[in-house]
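Quick notes on the structure that follows.
Number of protein chains: 2
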Amino acid sequence: MKRYLLAPGPTQVSPEVLLAMAQPILHHRAPEFQTLFKRVTEDIKWLYQTQNDVLILASTGTGGMDGSVSNFFSPGDHALVVNGGKFGERWTKICKAYGVIVEEIMVEWGHVVNPNQITAALQKDPSIKGVFVQASETSTGVAHPIREIGEIVKAYPGCLMVVDAVSALGVFDIQTDGWGIDIMVAGSQKALALPPGLSFVSISPKAWAQGEKAKNAKFYFNFKKEKDALATNQTAFTAPVSLIVGLDQSLKMMKEEGLANIFARSAKLALATREAMKAIGLKPYPKECPSDSVTAIEAPEGYDGEKIYKDLRVKYGITAAGGQDQLKGKVFRIANMGYIDTFDIIIAVAAVEMVLKGMGHPLKLGTGVGVAQEILLKK
Amino acid sequence: MKRYLLAPGPTQVSPEVLLAMAQPILHHRAPEFQTLFKRVTEDIKWLYQTQNDVLILASTGTGGMDGSVSNFFSPGDHALVVNGGKFGERWTKICKAYGVIVEEIMVEWGHVVNPNQITAALQKDPSIKGVFVQASETSTGVAHPIREIGEIVKAYPGCLMVVDAVSALGVFDIQTDGWGIDIMVAGSQKALALPPGLSFVSISPKAWAQGEKAKNAKFYFNFKKEKDALATNQTAFTAPVSLIVGLDQSLKMMKEEGLANIFARSAKLALATREAMKAIGLKPYPKECPSDSVTAIEAPEGYDGEKIYKDLRVKYGITAAGGQDQLKGKVFRIANMGYIDTFDIIIAVAAVEMVLKGMGHPLKLGTGVGVAQEILLKK
Chain A
60 MKRYLLAPGP TQVSPEVLLA MAQPILHHRA PEFQTLFKRV TEDIKWLYQT
110 QNDVLILAST GTGGMDGSVS NFFSPGDHAL VVNGGKFGER WTKICKAYGV
160 IVEEIMVEWG HVVNPNQITA ALQKDPSIKG VFVQASETST GVAHPIREIG
210 EIVKAYPGCL MVVDAVSALG VFDIQTDGWG IDIMVAGSQK ALALPPGLSF
260 VSISPKAWAQ GEKAKNAKFY FNFKKEKDAL ATNQTAFTAP VSLIVGLDQS
310 LKMMKEEGLA NIFARSAKLA LATREAMKAI GLKPYPKECP SDSVTAIEAP
360 EGYDGEKIYK DLRVKYGITA AGGQDQLKGK VFRIANMGYI DTFDIIIAVA
410 AVEMVLKGMG HPLKLGTGVG VAQEILLKK
Chain B
60 MKRYLLAPGP TQVSPEVLLA MAQPILHHRA PEFQTLFKRV TEDIKWLYQT
110 QNDVLILAST GTGGMDGSVS NFFSPGDHAL VVNGGKFGER WTKICKAYGV
160 IVEEIMVEWG HVVNPNQITA ALQKDPSIKG VFVQASETST GVAHPIREIG
210 EIVKAYPGCL MVVDAVSALG VFDIQTDGWG IDIMVAGSQK ALALPPGLSF
260 VSISPKAWAQ GEKAKNAKFY FNFKKEKDAL ATNQTAFTAP VSLIVGLDQS
310 LKMMKEEGLA NIFARSAKLA LATREAMKAI GLKPYPKECP SDSVTAIEAP
360 EGYDGEKIYK DLRVKYGITA AGGQDQLKGK VFRIANMGYI DTFDIIIAVA
410 AVEMVLKGMG HPLKLGTGVG VAQEILLKK
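As given, the protein sequences belong to chains A and B, one line each in that order.
Residue 60 is where the first sequence starts when you use the numbering used here, and the numbers rise one by one after that.
Residue 60 is where the second sequence starts when you use the numbering used here, and the numbers rise one by one after that.
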C-alpha cells in the first residue's frame with residue numbers, strides 16, 4: 060500500500076533532504092564540515108529570528124528541554140509552568156526532576172493560558188526565576204500567547220521566559236528577540252522536516268547570566284561547553300553529521316520559500332483542514348487559538364477517534380496521530396507544517412471522509428474536500 | 060577530488076545503510092516501526108553477547124556515558140577510573156560532574172592498565188561502587204584487559220563494572236555476560252558503521268538494583284523510563300527513526316558476516332596496518348595491546364604528524380584522524396573497523412607512503428603496501 064505520513068512529528072522528509080543525508084559521511088572535525096556547520100548555525104538563527112546563540116544538540120526535543128532546565132535553574136528555585144497539555148506537563152516533570160519548585164497554571168485542555176494569570180502569579184511570587192510555556196501544545200493543538208507572555212516576563216530581570224517551540228518554530232511567527240524569549244527549544248522532526256535526532260536551543264544573554272549560578276549537575280547537556288565549541292564552528296562532542304547535512308538542505312529550502320510564505324502556507328493549510336472538518340460536521344478540538352502546526356479533530360459523537368486513526372492507517376496507508384492521555388480515543392490529529400502542502404491536506408480530508416463513510420457516517424463524500432479546495436485556491 | 064573516510068569515527072557508512080535511511084520516514088508509534096524496533100533490540104543484544112537489557116538512546120556515545128553515571132551513582136559515591144587517554148579522562152569528568160568521588164589509576168598513554176592495580180585499589184577502598192574503563196581507548200589505540208578486570212570486579216557485590224566500548228563493540232570479542240560487565244556503552248558511528256546519533260547501554264540486574272538507590276537528577280537520560288518503554292517496543296521519547304532503520308540494516312549485515320568473521324577481519328586489517336607501517340620505518344604508538352579498532356601511528360622523527368594527517372586530506376582526499384591533546388602533531392590514526400575492508404587499508408598505506416615521499420622521506424614506495432598485501436592475502 061502506498062503510504063502517507065501526516066502525523067505532527069516525525070513529519071514527512073523531502074526527497075532533497077533524504078538524498079542530502081544519503082551522501083557519504085563527513086568527519087565532524089574536518090574543515091569541510093565546519094564550513095557547513097557555520098552556515099547552519101547562522102541559518103538557524105534566521106529561522107529563530109534571533110541574534111542569540113542557538114545550540115544544535117544530538118538529542119530529540121526533550122533533550123533540549125532537559126538542558127534548558129538543568130543549565131539555568133537550581134534545586135529550590137521557583138518556576139511557573141503553564142500546563143495545558145502533555146507537553147506543559149513535561150515542563151513540570153523536568154523541573155521537578157531537577158529539584159525546581161513548580162507553581163502550575165492548570166489550563167483546561169483545548170484552551171490557552173490567560174496572560175493575566177502569568178502577571179498575577181509573578182506578582183504573588185516575585186522569586187519565580189522562569190516561566191515555562193508551549194508555543195504550540197502538540198497534544199491539544201492550541202497556540203499559547205507567547206508575545207503577550209514575553210512582554211510580561213520582560214519586566215522581571217530575575218525571571219527567564221522559556222518556550223517549547225518544538226512544533227511551532229517554522230510554522231508561525233515567533234520573534235525570539237523582539238518578544239523577549241530567553242530560551243527557546245525546537246526539534247528537527249517538525250517544521251524543519253528532518254528525521255528526529257536534533258534539538259535546538261536559543262539562549263539570551265540574560266539566560267547565560269542566570270546560568271552562571273545554576274547548580275544542577277550535567278555533562279552531555281552542558282550548554283556552556285557547547286557555546287565554547289560554537290566559537291570554532293564545532294560541537295563539544297561528536298556531531299550528528301548526517302542530520303546536520305540534512306538540516307543545511309532543509310534550511311536552504313526554507314530560506315528560498317521565505318518566512319512570510321512559510322507562515323502563510325501553514326496558516327492556509329490549517330484553516331483548510333479545520334473548515335473542511337467542520338463542513339462534514341466534525342469539530343476542531345481547540346476551543347480557542349488553534350495552532351497552525353497541527354489540527355486536532357474531535358471524533359463525531361458515537362464514533363471512536365482511535366478507530367478513525369487506525370482505519371486511516373490500515374485501510375488507506377495514512378499515518379496521522381491519535382489522541383494522547385485524556386484525549387485517547389477522542390481526537391485524531393493531522394499535521395499542517397513542514398513539507399506538508401496543498402494536496403496532503405486534500406488527501407487527509409478525502410481519507411477522513413472515506414473512513415467515516417466506511418464506519419456508517421451519513422456524510423456526503425466530497426463535501427469537506429470541496430471546502431478545503433476553496434480555501435487552498437486562494438492566494 | 061574523490062574522498063575516502065578512514066577516521067576512527069564517524070566511520071564509512073555502507074550504501075545499503077545510506078539507502079535504507081533514505082526511505083520515507085516511519086512514525087515512531089506506528090506498529091510497523093515497533094516490529095522493526097523489537098527486532099533491532101534483539102539484534103543489538105546478539106552483538107553485545109548479552110541477555111541484559113540494552114537501551115537505544117537518541118544521543119552520541121557521550122550521552123550514554125553520562126546516563127551510565129547519573130542513573131547508577133550518587134553524589135559522594137566512590138568510583139575507580141582507569142585514565143589512560145582522552146576517553147578515560149572523560150569518565151573522570153562525568154563522574155565529577157555528578158558528584159562522584161574519583162580515585163584514578165593514571166596509565167601512561169600508549170599503555171594498558173595492569174589488573175593488579177584494580178585489585179589493589181578495590182582492596183584499599185572497599186566502598187568503591189564502580190570501576191570505569193575503556194575497552195578500546197580511541198585516543199591512544201590500546202585495548203585494556205576487560206576480561207581480567209571483569210573477573211576481579213565480579214567478586215565485589217557492591218561494585219559495578221562499567222565499560223566504554225564505543226570503539227570496541229563489534230570489533231573484537233567482549234562477552235558482556237560471560238565477563239561480568241554491568242554497564243557497557245557503545246555508539247552508532249564506529250563498528251556499526253552508522254552516522255553518529257545513537258548510543259547504546261547494556262545494563263545488568265546488578266546495575267539496575269544499584270540504580271534504585273541512585274540520587275542524581277536526570278530526565279532525558281532516565282534509563283528506568285527507557286526500560287519501561289522497551290516492554291512495548293518503544294522509546295520513552297521520540298525515537299530517532301531513520302538511524303534505527305539504518306541500525307536494522309547494519310545489524311542484518313553484521314549477522315550475515317557473523318561475529319567471529321567480523322572480529323577476524325578487524326584483527327587482520329589492524330595487523331596489516333601496523334606491519335605495513337613498521338615496514339616503512341614508522342612505529343605504532345601503543346607500547347602494548349594495540350586495539351583492532353584503530354591504529355595510531357607515530358610520525359617519523361623529524362616529521363609533523365599533523366602535516367601527515369593534513370596532506371592525506373588535502374592532497375589525496377583521505378580523512379584520517381590526527382592526535383588528540385598531548386598526542387597532537389605526534390600521531391595520526393586510521394580505522395580498522397566497521398565497513399572498512401582490505402582495499403581501504405591498501406589505500407591508507409599507499410597514501411601514507413605517498414605523503415611521506417612528498418615530505419622528502421627516503422622510503423621505497425610500495426614497501427608497506429607489499430607487506431599489507433601479504434597479510435591481507437592470508438585466510
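All residues carry an ideal CB built from backbone N, CA and C; glycine is no exception.
Here the structure is a predicted model, which means the values were calculated and not measured.
Alpha carbon to alpha carbon, what distance is there between threonine 291 (chain A) and glycine 340 (chain B)?
A straight line joining the alpha-carbon of glycine 340 (chain B) with that of threonine 291 (chain A) spans about 36 Å.
Other residues of its chain near lysine 311 (chain A): CB distance less than 8 Å, five sequence neighbours each side excluded:
Hits under 8 Å: Asp102.
Leaving out five residues before and five after arginine 333 (chain A) in sequence, what residues of the same chain have Cβ atoms less than 7 Å from its Cβ?
Closer than 7 Å at the Cβ level, and outside the excluded window around arginine 333 (chain A), lie Pro343, Pro349, Thr354.
Please give the ranges of any alpha helix (DSSP H) in the region 317-382 of chain B, keeping only runs that are unbroken, at least 4 residues long and fully inside the region.
The DSSP assignment places complete alpha helix (DSSP H) segments of no fewer than 4 residues inside the region 317-382 of chain B at 318-338, 364-375, in order along the chain.
Three or more beta-carbon pairs under 8 Å between the region 421-438 of chain B and the region 90-97 of chain B, yes or no?
The region 421-438 of chain B is not in contact with the region 90-97 of chain B.
Where the alpha helix (DSSP H) containing glutamate 162 (chain B) begins and where it ends:
No alpha helix (DSSP H) holds glutamate 162 (chain B); the beta strand (DSSP E) holding it covers 160-165.
Nearest residue (CA-CA) to alanine 273 (chain A), options A:Gly126, A:Gly143, A:Thr378, A:Val99:
Taking only the C-alpha atoms, the option nearest alanine 273 (chain A) is A:Gly126.
Which residues, taken in chain order from the region 150-170 of chain B, show a beta carbon closer than 8 Å to some beta carbon of chain A?
Those residues of the region 150-170 of chain B that come within reach of chain A (Cβ to Cβ, closer than 8 Å) are Lys152, Ile153, Ala156, Tyr157, Gly158.
Verify the CB distance criterion: does threonine 378 (chain B) have a CB-CB separation below 8 Å to chain A?
Chain A, which has a Cβ nearer than 8 Å to the Cβ of threonine 378 (chain B), makes this yes.
Between glycine 239 (chain A) and methionine 220 (chain A), is the Cβ-Cβ spacing less than 8 Å?
Taking 8 Å as the Cβ cut-off, glycine 239 (chain A) and methionine 220 (chain A) qualify as a contacting pair.
Does asparagine 275 (chain B) have its Cβ less than 8 Å from a Cβ in chain A?
Yes, contact with chain A.
Per DSSP, the bridge partner or partners of arginine 88 (chain B):
DSSP, once it has assigned bridges, lists no residue as partnering arginine 88 (chain B).
What did DSSP end up calling tyrosine 107 (chain A) once you bin it into helix, strand or coil?
Residue state for tyrosine 107 (chain A) is assigned as helix, using DSSP reduced to three classes.
Below-8 Å beta-carbon distance, serine 195 (chain A) vs any chain B residue:
Chain B, which has no Cβ nearer than 8 Å to the Cβ of serine 195 (chain A), makes this no.
Under 7 Å, CB to CB, which of the residues in the region 291-308 of chain A have a partner in chain B?
Within the region 291-308 of chain A, the residues whose Cβ lies closer than 7 Å to some Cβ of chain B are Phe296, Thr297, Ala298, Pro299, Val300, Ser301, Leu302, listed in chain order.
Touching or not, the region 175-190 of chain B and the region 214-233 of chain B, by the rule of three or more beta carbon pairs under 8 Å?
The region 175-190 of chain B vs the region 214-233 of chain B: in contact.
Pair within 8 Å by beta-carbon distance, phenylalanine 191 (chain A) and valine 113 (chain A):
Contact: no.
Answer yes or no: do tyrosine 398 (chain A) and serine 195 (chain A) have a C-beta to C-beta separation smaller than 8 Å?
In this structure, serine 195 (chain A) does not lie closer than 8 Å to tyrosine 398 (chain A) by Cβ.
Out of A:Glu316, A:Gly135, A:Lys277, state which residue places its alpha-carbon closest to the alpha-carbon of cysteine 154 (chain B).
Of A:Glu316, A:Gly135, A:Lys277, the residue nearest in Cα terms is A:Lys277.
How about threonine 119 (chain B): is its C-beta nearer than 8 Å to some C-beta of chain A?
With 8 Å as the cut-off, threonine 119 (chain B) counts as an interface residue toward chain A.
Could you name the residues of the same chain whose beta carbon sits closer than 8 Å to that of glycine 209 (chain A), not counting the 5 residues immediately before and after it, in chain order?
Closer than 8 Å at Cβ, skipping near neighbours: Met220, Trp238, Gly239, Ile240.
Examine chain B for any beta-carbon lying closer than 8 Å to the beta-carbon of leucine 181 (chain A), and answer yes or no.
With its beta carbon at least 8 Å from every one in chain B, leucine 181 (chain A) lies outside the interface.
N-terminal and C-terminal residue of the alpha helix (DSSP H) that methionine 124 (chain B) is part of
Residues 120-129.
Buried or exposed, going by whether 16 or more other CB atoms sit within 10 Å of the CB of valine 76 (chain B)?
Result: buried.
Alpha carbon of proline 204 (chain A) to alpha carbon of valine 171 (chain A), nearest angstrom:
Straight-line spacing of the CA atoms in proline 204 (chain A) and valine 171 (chain A) works out to 7 Å.
Does any residue of chain B have a CB that is nearer than 8 Å to the CB of arginine 392 (chain A)?
Chain B, which has no Cβ nearer than 8 Å to the Cβ of arginine 392 (chain A), makes this no.
Can you pull the chain A neighbours of methionine 60 (chain B), defined as C-beta to C-beta under 8 Å?
Going along chain A, no residue has its Cβ under 8 Å from methionine 60 (chain B), so there is no contact; the nearest lies around 11 Å.
Taking alanine 138 (chain B) as part of the beta strand (DSSP E), name the residues at either end of that continuous run.
Alanine 138 (chain B) -> beta strand (DSSP E) spans 137-142.
Below-8 Å beta-carbon distance, glycine 256 (chain A) vs any chain B residue:
Closer than 8 Å to some Cβ of chain B, the Cβ of glycine 256 (chain A) qualifies, so yes.
Short of 7 Å in beta carbon distance, which residues of its chain neighbour isoleucine 434 (chain B), apart from the five on each side in sequence? Order them along the chain.
Same-chain partners within the cutoff: Lys327, Leu330, Ala331, Glu334.
Taking arginine 392 (chain A) as part of the beta strand (DSSP E), name the residues at either end of that continuous run.
Per DSSP, arginine 392 (chain A) is one residue of the beta strand (DSSP E) stretching across 390-394.
Using a Cβ cut-off of 8 Å (strictly closer), state whether histidine 87 (chain A) contacts chain B.
So, interface residue.
Alpha carbon to alpha carbon, how far is alanine 81 (chain B) from proline 345 (chain A)?
Put simply, the backbone Cα of alanine 81 (chain B) is about 35 Å away from that of proline 345 (chain A).
Check whether chain B comes within 8 Å of tyrosine 279 (chain A), counting only Cβ atoms and requiring the distance to be less than that.
Judged by the 8 Å Cβ criterion, tyrosine 279 (chain A) is in contact with chain B.
At least 3 beta-carbon pairs within less than 8 Å: the region 118-133 of chain B vs the region 286-301 of chain A
Contact between the region 118-133 of chain B and the region 286-301 of chain A is present, because at least three Cβ pairs lie under 8 Å.
8 Å Cβ cutoff, proline 83 (chain A) in contact with chain B:
Taking 8 Å as the threshold, the shortest C-beta distance from proline 83 (chain A) to chain B falls below it.
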